[in-house]
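Down below is the structure, laid out as structure tokens.
Protein chains in written order, with the working numbering: chain S, 1 to 138; chain L, 1001 to 1237.
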């Protein structure tokens, strides 16, 4: 790895790390989801700074041009991060659907409660839509 | 002065009646709000019989989120002072006065109960204690205020703190970040000496992997919170 490429790699990794931290600072990125990016940017920074490790990995893989390993690592990290966020999105989808259902049930319970009284607050006797069974708990 | 005792609870059905009973005995003046953080045990049935107000979260938010939900509701209900007491019985109702006093006299916006001022009673030992000490030293330096028990969840919040935290109480295992956040936003935090007991039943949710994650979050908070802009909150003192 030439000196120039190393300087570029270190600068870019450092800037990425700072970007992630600044997003957390500005509350645009939640701490929980920032860790994977901090780890990735940090790992890239370490690999850019210690060319011996990079060269050793390149030799082991049989890659002629060490910075290509950096690229490989970056692509791998981006793939893993994307996969992780797909998992997060899946969980959030399940949560949102559950919230939608709970909300509909809550609204129905409220409606039914409302129908037990007329405008003046007197209990209604013959509301045809009023249930006679208990409404249940939560 | 409307004052509330806030009890976040996750799977503490056996301890809740004891904690609520103790609170009623020592502080019949305090209203009680329990936040059930998606408990899987009989907490809901127990709550119905205790005659307290409660929030039942259908998804688990963790202690930070549960406290935030409770503070949000407390603010809407018009309370101006809130005491957080954990449902596991570690916090003693007899000590609530020590937490409320600095708020009553206007000396502080929030008060944290500390096991390490004066006689301690039950307290952590070993590696977790070393970690707490390191954390305490760092937070004392960062907030320029004495921090002796950074992870203590025994807190009292005055009106200014309540307004801020109803929206911004940290999530996760929030206490260290809470000290950083309050300090950054110019709120005064006092400490009150308390003694804690071992939990009455059950197990802590803070398993070693969660503790490791919480520790990393604190490191991140130490970097990020002091650099954040101060928060603006609608409403007045």
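Here a beta-carbon is modelled for each residue, glycine too, at the ideal position from N, C-alpha and C.
Along the segment 26 to 40 of chain S, the positions whose C-beta sits under 9 Å from a C-beta of chain L are 26, 27, 30, 31, 32, 34, 35, 38, read in chain order. In the three-state DSSP reduction, residue 1085 of chain L falls in the coil class, being neither helix nor strand. For residue 113 of chain S, the closest Cβ of chain L is not nearer than 8 Å.
For residue 1155 of chain L, the pairing in a beta bridge is given by DSSP as L:1084, L:1112. Beta-bridge partners assigned by DSSP to residue 1054 of chain L: L:1034. When L:1206, L:1198, L:1175 are compared, the shortest CA-CA separation from residue 1222 of chain L is found for L:1175. DSSP places residue 1 of chain S outside both helix and strand once states are collapsed to three, so it counts as coil. The closest CA to that of residue 1024 of chain L, considering only L:1104, L:1004, L:1182, is found on L:1004. When the five nearest sequence neighbours on each side are left out, the beta carbons in the same chain lying within less than 6 Å of the beta carbon of residue 1064 of chain L are those of 1170, 1171, 1172, 1174, in order along the chain. Going by beta carbons, residue 1007 of chain L and residue 1018 of chain L fall outside the 8 Å limit. At least 8 Å separates the beta-carbon of residue 1061 of chain L from that of residue 1073 of chain L.
Those residues of the segment 64 to 97 of chain S placed with their C-beta closer than 7 Å to a C-beta in chain L are 95, ordered along the chain. Taking 8 Å as the cut-off, the beta carbon of residue 1184 of chain L is found closer than this to the beta carbon of residue 1230 of chain L.
Contact between the segment 1033 to 1047 of chain L and the segment 1090 to 1106 of chain L is not established, with fewer than three Cβ pairs separated by less than 8 Å.
Any Cβ of chain S closer than 8 Å to the Cβ of residue 1096 of chain L would place that residue at the interface, and such an atom is absent.
Counting along the chain, the unbroken beta strand (DSSP E) around residue 1006 of chain L starts and ends at 1003 to 1009. Chain L places no beta carbon closer than 8 Å to that of residue 46 of chain S, leaving this residue out of the contacts. Of the residues assessed, residue 1013 of chain L falls on the buried side of the cut-off, its CB having 16 or more other CB atoms within 10 angstroms. Taking a C-beta distance under 8 Å as the contact criterion, residue 1086 of chain L and residue 1153 of chain L qualify as a contact pair. Per the coordinates, the alpha-carbon of residue 33 of chain S lies some 11 Å from the alpha-carbon of residue 23 of chain S. In the structure shown, the three-state DSSP call for residue 1193 of chain L is strand. Ranking L:1138, L:1046, L:1053 by CA distance to the CA of residue 1215 of chain L puts L:1138 first. Any Cβ of chain L closer than 8 Å to the Cβ of residue 20 of chain S would place that residue at the interface, and such an atom is absent. For residue 100 of chain S, the closest Cβ of chain L is not nearer than 8 Å. Contact of residue 1169 of chain L with chain S is not assigned, every C-beta pair being separated by 8 Å or more. In the three-state reduction of the DSSP assignment, residue 101 of chain S falls in the helix class, which pools H, G and I. Under a criterion of Cβ atoms nearer than 9 Å, the residues of chain S adjacent to residue 1059 of chain L are, in order, 95, 98, 99.
Cβ-Cβ distances below 7 Å link residue 84 of chain S to 36 in the same chain, with the five nearest sequence neighbours on each side left out; the list follows chain order.
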